[in-house]
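This report refers to the structure that appears directly beneath it.
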Amino acid sequence: MRAVIFDFDGTIVDSLAAVIKVFEDVTKRSHRFTPEEIEELQHKDPLQIALELNVPRWKIPGLLIKGRRMFRDHMRSIKVHDGVTEVINALHEQGVPLFVLSTNSRANVQKYLRWHGLDTLFTKIYGNAGVLGKTRKLHIVCKNEGLDPTTSWYIGDETRDIIGAHGAGLKVIAVSWGYNSRIALADKGPDALVDIPADILAILNKKA
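For the sequence shown, this note's numbering assigns the number 1 to the initial residue and increments by one for each residue that follows.
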């Protein structure tokens, strides 16, 4: 079955500010990251950032839990990226099975999508993917849903999304409006790299 699996944070929703806030809180910074510092962070993956900010490895799972809690508490103020809703609706109307695989909790994702009228467009939502990699969970999604990885796509905004998707045999579209920078994404060799949501449809329809 041809299908599209979406990442959630950064790809569907504009949650970069929440991610930055988690790092600021955990590292007990006396001041906020400057725009220049945030731009530098966007060239790195979460593990690199945590280690450079002297966050012990044993505290990294706690970062994820804190991030999920923060998203839950403030999800009303976090917006869907412009143009993404239209892409999801168009794919659904084409009969493409849609899924979500996120490091966020399934409950958070479901509640957010319901508030924005998007929950019924997805066949299933998978949450709690590992913060350090998604290959194993993507294998599970494909097996559980009977998906053919060679004809299915993952859409994400981080370098680890590209690595995880390719590790599971999926094609991947990287989006430049999320967490990692365009340069960092391009360096990992995604099958496609887009700057606006409408380009996702153009690529998927061309490859169909």
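Cβ coordinates follow ideal geometry from the N, Cα and C atoms, glycine included.
Looking at the DSSP output, Ile155 bridges to Phe6 and Ile173. Secondary-structure assignment with DSSP links Val13 through a beta bridge to Asp9 and Val80. In the structure shown, Val100 falls within a strand segment according to DSSP collapsed to helix, strand and coil.
Three or more beta-carbon pairs separated by less than 8 Å link the region 88-105 to the region 120-137, which places the two stretches in contact. In the DSSP assignment, Ile60 falls within the alpha helix (DSSP H) that extends over Ile60 to His74. Closest option to Ser102, judged by alpha-carbon separation, among Pro197, Asp195 and Gly164: Gly164. Just so you know, the alpha carbons of Val13 and Gly178 end up roughly 8 Å apart. Taking 8 Å as the cut-off, the beta carbon of Leu185 is found closer than this to the beta carbon of Ala174.
DSSP, reduced to helix, strand and coil, places Ala192 within a strand of the structure shown. In the DSSP assignment, Tyr179 is bridged to no other residue. One thing to note: Met70 has its Cβ no nearer than 8 Å to the Cβ of Lys28. Lys134 sits in coil when the DSSP states are folded into three classes, being neither helix nor strand.
Going by DSSP, Lys124 is part of no alpha helix (DSSP H) but of the beta strand (DSSP E) stretching over Lys124 to Tyr126. If you draw a straight line from the Cα of Leu53 to the Cα of Glu39, it comes to about 15 Å. Taking a 10 Å sphere around the C-beta of Thr34, we find fewer than 16 other C-beta atoms and assign the residue as exposed.
Asp161 carries a helical assignment under DSSP once its states are collapsed to helix, strand and coil. Within its own chain, the residues whose Cβ lies closer than 7 Å to the Cβ of Pro149, once the five positions on either side in sequence are excluded, are Cys142, Ala168, Gly169 and Leu170, listed in chain order. Within the same chain, Cβ atoms closer than 6 Å to the Cβ of Gly156 are found at Asp7 and Thr11, the five residues on either side in sequence being excluded.
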